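Chains as they are written, first to last, in this note's numbering: chain A, 42 to 267; chain B, 1161 to 1405.
Read the structure below first, then the notes.
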Amino acid sequence: MENKRKYVIPGDVITSGPYRPEQNVVLDGNKIISTTIGISEIYDDSVKVIPLTGKYIPKINDLVIGKVISHSSLSWELDINSCYVGFLPAQDVFGRDFSAHADDLTSKLKSGDLVAARIANFDRTRDPLLTISDRDLGKIDSGDLVEISPSKVPRLIGKRGTMIQTIEMATNAAITIGQNGWVVVSCDNPEGLLKAKKAIQMVDERAHIANLTDQVIEMLESKGEM
Amino acid sequence: MGGRESELVLLDENGIRCDGRKIDEPRKIMIRAGGLKNADGSAYIEFGDNKILVGVFGPRDVHPKHMSNTDTGILRVRYHMEPFSVTERKNPAPSRREIEISKVIKEALEPAVMLEKFPRTAVDVFIEVLQADGGTRCAALSAASVALADAGIPMRDMVAACAAGKVADTIILDVNNEEDQAGQADMPIGYMPNLEKITLLQLDGVLTPEEYKKCVETGINGCKIVYDLQKKALQEKYFGSGGDQ
Chain A
42 MENKRKYVIP GDVITSGPYR PEQNVVLDGN KIISTTIGIS EIYDDSVKVI
92 PLTGKYIPKI NDLVIGKVIS HSSLSWELDI NSCYVGFLPA QDVFGRDFSA
142 HADDLTSKLK SGDLVAARIA NFDRTRDPLL TISDRDLGKI DSGDLVEISP
192 SKVPRLIGKR GTMIQTIEMA TNAAITIGQN GWVVVSCDNP EGLLKAKKAI
242 QMVDERAHIA NLTDQVIEML ESKGEM
Chain B
1161 MGGRESELVL LDENGIRCDG RKIDEPRKIM IRAGGLKNAD GSAYIEFGDN
1211 KILVGVFGPR DVHPKHMSNT DTGILRVRYH MEPFSVTERK NPAPSRREIE
1261 ISKVIKEALE PAVMLEKFPR TAVDVFIEVL QADGGTRCAA LSAASVALAD
1311 AGIPMRDMVA ACAAGKVADT IILDVNNEED QAGQADMPIG YMPNLEKITL
1361 LQLDGVLTPE EYKKCVETGI NGCKIVYDLQ KKALQEKYFG SGGDQ
């Protein structure tokens, strides 16, 4: 194989042959065609395209940051920066003994609140079902929301979390990344908070650059000396 | 249109057209991807003197709700001409012509866009013609396809469009306004270059079977030229100037 990684746009033929089509590719005859703008990767038996643009599509087990839009008597509706609204059932927050007439949903979550949640269930017939019954999930009390493009979340995390660890160590900030492109940054030191936010925005803007980690480190260090 | 008599020479004896082009030469085309911050995807095209801006939203919630489809997403297209896009003020209300063009562009994009991945949602395409000079539907379709790709909506292929026509008994590529008004035939073609499939084909005028074949071939060649520019526009926005890594 002459070149394993390639920039592709919709309609580009990535390769032909006995490969398994994975994300963002379709099989047409024996040709494998990209369906989005991105970087194609050919593995031993499969082909996929890492998208560079596009909305967040919920996936089961993804950690997302949601914003409460409204609630009914049994559940909250959360904006998860996707084309679907997330549903958070009240039982999940109040526990099994939840009763619709005795408990007031607004006592736990009001509209506008940010919530770290996990996608418990989602398929094409239903809106995504969220859950907060896990460690580190639930209402987010403090921190700033940074919105980045969902397609750049993997870049922000970096290879085995290197990028996000770099930012966290340099600024002492606690960063929660939602797969939907919403990131919450909290830090006791206001300067560290600003730096961490700037670093995240930098990743969003320059995601396609190769030695981005070095540039981020440089930015984080140079500001520290000022 | 039977070819009205006019003093304008559409094709001179050297095979040069009224705007100085050769018979198989398209107008100057410039495409830019992106540019609108609030839209999910956007594109701007200059196709000769046509200037068209396209914004794409979605996939997003469908309003009104009854339009949504539980099996697939829906595509909605609005083609609109600005009041100042033509020499005499155009009433901004949608005309019969604009409703028709919205419909044909929608149907030309549908085979490419993989809406079945997003049930219960809508993808909205807004096309604003800022300046019109013949062949706006082709230019608008080409730009809409770039804007959809920019929005990250999965597509089987890009859709490129270009018109071909017949002027002074000769098949020509990319019909401009004068040629459209006074020429013998106008055939807009939408084409998926990699799948080699036609998604839009209209014909206004009369052609013999041979001319028809030649006209389709000429139009497809034009689409391929447009496709290269669409590709370049997207590569410029997403990969810098370089093509391959």
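Glycine included, every Cβ here is placed at the ideal spot set by N, Cα and C.
Please read all numbers here as calculations on a predicted model, not as lab measurements.
- Between the alpha carbons of A:T217 and B:D1340 lies a gap of roughly 59 Å.
- Here the alpha carbon of B:M1315 sits roughly 6 Å from the alpha carbon of A:P51.
- CA-to-CA, the gap between B:P1254 and B:D1284 works out to about 17 Å.
- Setting aside the 5 residues that flank it on each side, B:K1211 is surrounded in the same chain by L1290, Q1291, each with a C-beta closer than 7 Å to its C-beta; the list follows chain order.
- Nearest to A:S114 by alpha-carbon distance, out of A:M204, A:K149, A:E82, A:K236, is A:K149.
- Between B:R1177 and B:I1183, the gap from beta carbon to beta carbon is short of 8 Å.
- Beyond the five residues adjoining it in sequence on each side, B:E1338 comes within less than 8 Å, by CB distance, of L1168, L1170, C1178, D1179, G1294 in the same chain, given in chain order.
- A straight line joining the alpha-carbon of A:I55 with that of A:V67 spans about 10 Å.
- Of the candidates B:E1377, B:P1348, B:S1302, B:S1302 places its Cα closest to the Cα of B:I1189.
- For the options B:L1196, B:R1181, B:V1214, B:Y1398, the alpha carbon positioned closest to that of B:T1296 is the one of B:V1214.
- The secondary-structure analysis by DSSP pairs A:P130 across a beta bridge with A:S116.
- Bounds of any beta strand (DSSP E) do not take in A:T207; it lies within the alpha helix (DSSP H) bounded by 203-212.
- Within the same chain, C228, N230, G233 come within 7 Å of A:N213 by CB-CB distance, once the 5 residues on both sides are set aside.
- The alpha carbon of A:I173 has as its nearest neighbour, out of A:G184, A:R167, A:F135, the alpha carbon of A:F135.
- Taking 8 Å as the cut-off, the beta carbon of B:A1324 is found closer than this to the beta carbon of B:M1347.
- Straight across, the Cα-Cα distance linking A:E188 with A:R247 is about 15 Å.
- For A:I74, the chain B residues whose Cβ falls inside 9 Å of its Cβ are R1316, D1317, N1354, L1355, in order along the chain.
- The DSSP-derived three-state label of A:S81 is strand.
- Between A:H112 and chain B, the shortest Cβ-Cβ separation is not below 8 Å.
- If the five residues before and after A:S123 are omitted, its C-beta is found closer than 7 Å to the C-beta atoms of K96, Y97, I98, P99, N221, all from its own chain and listed in chain order.
- For a Cβ distance threshold of 8 Å, nothing in chain A lies close to B:A1268: the least Cβ distance comes to about 15 Å.
- Here A:Q206 is exposed: its Cβ has fewer than 16 other Cβ atoms, across all protein chains shown, within 10 Å.
- Between the alpha carbons of A:V257 and A:R137 lies a distance of about 46 Å.
- Contact annotation: in the region 1268-1288 of chain B, residues whose CB is within less than 7 Å of a CB in chain A are M1274, F1278, P1279, T1281.
- For chain B, the residues of the region 182-204 of chain A that bring a beta carbon within less than 8 Å of one of its beta carbons are S192, in chain order.
- DSSP places B:N1381 in the uninterrupted alpha helix (DSSP H) bounded by 1369-1399.
- Pairing B:T1281 with A:I121, the inter-Cα distance amounts to about 15 Å.
- By the rule that beta-carbons nearer than 8 Å mark a contact, B:Q1341 does not touch chain A.
- Around B:P1219, the beta-carbon contacts reaching into chain A at under 7 Å are K96, C124.
- Listed along chain A is no residue with a C-beta nearer than 7 Å to that of B:Y1204; the closest approach is about 17 Å.
- In chain order, Y48, I50, I78, G79, L93, T94, H249 make up the part of chain A whose C-beta sits under 9 Å from the C-beta of B:Y1398.
- If you look at B:N1337, you'll find it in the alpha helix (DSSP H) that goes 1337-1342.
- Listed along chain A is no residue with a C-beta nearer than 7 Å to that of B:K1373; the closest approach is about 25 Å.
- The count of Cβ pairs closer than 8 Å, one atom from the region 164-172 of chain A and one from the region 186-200 of chain A, stays below three, leaving the stretches out of contact.
- By alpha-carbon distance to B:A1342, the top candidate from B:G1350, B:D1329, B:I1349, B:N1354 is B:D1329.
- Closer than 8 Å to the CB of B:G1215 there is not a single CB belonging to chain A.
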